[in-house]
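Residue numbers (this note's numbering): 17 to 207. The beta carbon of each residue, even a glycine, is placed where N, CA and C say it ideally should be. So the structure is just underneath, and the comments pick up after that.
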């Protein structure tokens, strides 16, 4: 009846694989976003995850170990998403709105999970694009389209945005506090 005959141990590794990768790149993702800007760290991670999502059904059919590897890498690519979003918010969101934007983004994430879970169930039951693989194809393609839009409409800071009005740019520059410079302690050596 089922396409795969995986024992509970294999299923556990497959289901946990995303999170093994996800947790491993959150801190470094935030640091990279601070150093290079959140646009490409955030967008690049989404793009890598999108391409690998499209390849997931193929990987599952080749070998469960390949599926685990792909899921770990998808997690690694996705890990920097929230830290790099926070880096972007720090340059785009006035201090007076910082208590509402991150929770709104989290609500959006949770709503997306609810919506996609329902949609995936419907697609899998109706045999759309082969049943269960349709989830990976549809959301992989939608994420690639999102990335293309992000390339044109996402910017690291208001001063980089070519289409923002001067009034909006001045408002944001006035109401977004500058980031304090990083202070590094010199390591003392004893001789």
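Rounded C-alpha distance that separates residue i from residue j
i	j	result
residue 43	residue 51	13 Å
residue 137	residue 188	43 Å
residue 145	residue 76	16 Å
residue 2	residue 103	The question about residue 2 has no answer, for the chain in this structure spans 17 to 207.
residue 176	residue 142	46 Å
residue 79	residue 56	32 Å
residue 90	residue 26	18 Å
residue 74	residue 19	13 Å
residue 190	residue 71	45 Å
residue 48	residue 21	40 Å
residue 100	residue 23	37 Å
residue 106	residue 195	8 Å
Within 7 Å, strictly: CB atoms of residue i and residue j
i	j	result
residue 163	residue 98	no
residue 61	residue 94	yes
residue 172	residue 45	no
residue 111	residue 174	no
residue 59	residue 166	yes
residue 152	residue 69	yes
residue 159	residue 66	yes
| query | Of all the alpha helix (DSSP H) runs that stay within the bounds of the segment 119-171, which reach a length of 4 or more residues? | reply | 149-169
| said: Check whether the segment 78-92 and the segment 30-37 are in contact - that is, three or more C-beta pairs closer than 8 Å. | reply: yes
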